[in-house]
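Peer 1: Just so you know, we're using numbering that gives the first Met the number 0 here: the sequence shown kicks off at 0 and counts up by one. All C-beta atoms in this analysis are idealised placements derived from N, C-alpha and C, irrespective of residue type, glycine included. Note that this is a predicted model, so its numbers are computed, not measured.
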Amino acid sequence: MNEQKDRKDRVVIVSGPSGVGKSTICKEVVKRLNNAYLSVSVTTRPRTEGEVDGEDYWFISEEQFRQRIDQGALLEYAEVFGHLYGTPKEKVDEALAAGKTTILEIDVQGAKQAKMIYPDAVMIFILPPSAKVLAERMKLRGRENAEMAEERLDWADDEIAVAWQYYKNMVINEDLEQAVKEVVQIIQGPQTQ
Ligand code: 5GP
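#1: Could you give the distance in angstroms between the alpha-carbon of R9 and the alpha-carbon of D92?
#2: Should E150 be listed as close to the ligand 5GP, given that the test is whether its C-beta is under 7 Å from any heavy atom?
#3: Tell me whether V51 is buried or exposed, calling it buried when 16 or more other Cβ atoms sit within 10 Å of its Cβ.
#4: Between the region 97 to 107 and the region 57 to 72, are three or more C-beta pairs nearer than 8 Å?
#5: Quick check: does the Cβ of R46 come within less than 7 Å of any heavy atom belonging to the ligand 5GP?
#6: Is the beta carbon of T86 closer than 8 Å to that of G109?
#7: Thinking just about the alpha-carbon of each residue, which of M122, S22 and A148 is nearest to the one in K138?
#8: Identify every residue that forms a DSSP beta bridge with V10.
#9: Rounded to a whole number of angstroms, what is the C-alpha to C-alpha distance between E172 and V28?
#10: Given this structure, state the Cα-to-Cα distance separating S145 from S22, to the nearest angstrom.
#11: Could you tell me the alpha carbon to alpha carbon distance between E158 and P189, rounded to whole angstroms?
#12: So I159 is in the alpha helix (DSSP H); what residue range does that whole segment cover?
#13: Closer than 8 Å is the cut-off here; do at least three beta carbon pairs connect the region 34 to 51 with the region 154 to 168?
#14: Should I123 be listed as close to the ligand 5GP, given that the test is whether its C-beta is under 7 Å from any heavy atom?
#15: Grouping DSSP H, G and I as helix and E and B as strand, with all else coil, what is A72?
#16: May I ask whether a heavy atom of the ligand FMN can be found less than 7 Å away from the beta carbon of D52?
#17: What's the gap between the Cα of F124 and the Cα of V11?
#18: Any idea what DSSP makes of L133, helix, strand or coil?
#19: Near Y117, what residues of its chain come up, given a Cβ to Cβ distance below 7 Å and the 5 sequence neighbours on each side ignored?
#20: What separation, rounded to the nearest whole angstrom, lies between the Cα atoms of L95 and Q187?
Pasting the structure below:
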């Protein structure tokens, strides 16, 4: 535990291309911080094998998602690869009120919205060591069919290009342990964005 060094009530935004290992990194980071909350998004994307409702995402219908938008229940939301993804506002508010470091693992479009709400949010972008490695990881994960994987890889190039402008902190996930340590250091470090 890194008790003394943990910052209170701050928002951390983590983004990165599909297949880069963001979720694995975030889950590990939240365990290592003393008082942190990893936001669970709502999505209309179908649940894939191994994913747990309420843990990886809250899997909801498009109608339910639209209701949440209308109710103002989402902090931010975006359409990514043909599905809707959003951050439940109430949970984030609760975590921040409880003094927790709150991690949002969201895409670049959502990150821009969240940054407007939390200008001091720490912005972290996870990069693959190379485009080739990203393609291999995606294949290995086997979640998407070839066409969907191709679409996600194409999008990764654009996302990375945008990321250089918006994200102060870039972390290369070559070695998982190293990447986790770097993210923890950034969160605990003196810099703010
Ligand atoms: P996946 O389908 O691979 O789980 O997620 C696809 C993309 O949606 C990833 O880039 C992920 O970071 C992003 N994402 C997940 N949750 C949210 C969210 O609540 N809001 C936004 N804007 N993007 C999200």
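Peer 2: Inspection of the coordinates gives the following:
#1: 11 Å
#2: no
#3: Exposure of V51 is indicated by the presence of fewer than 16 other C-beta atoms within 10 angstroms of its C-beta.
#4: Using a C-beta cut-off of 8 Å, the region 97 to 107 makes no contact with the region 57 to 72, since fewer than three inter-stretch Cβ pairs fall below that distance.
#5: no
#6: yes
#7: A148
#8: T101
#9: Before going further, note that residue 172 is Asn rather than Glu in the sequence given. If I take the Cα positions, the gap works out to 13 Å.
#10: Looking at the sequence provided, one finds Ala at residue 145 rather than Ser. Roughly 21 Å separates the two Cα atoms.
#11: Put simply, the backbone Cα of E158 is about 27 Å away from that of P189.
#12: A145 to Y165
#13: Between the region 34 to 51 and the region 154 to 168 there are fewer than three C-beta pairs closer than 8 Å, too few to call the two in contact.
#14: Because no heavy atom of the ligand 5GP lies under 7 Å away, the Cβ of I123 does not count as near it: no.
#15: coil
#16: Looking for the ligand FMN in the displayed structure turns up nothing; the ligands present are the ligand 5GP.
#17: Straight-line spacing of the CA atoms in F124 and V11 works out to 11 Å.
#18: helix
#19: V10
#20: 16 Å
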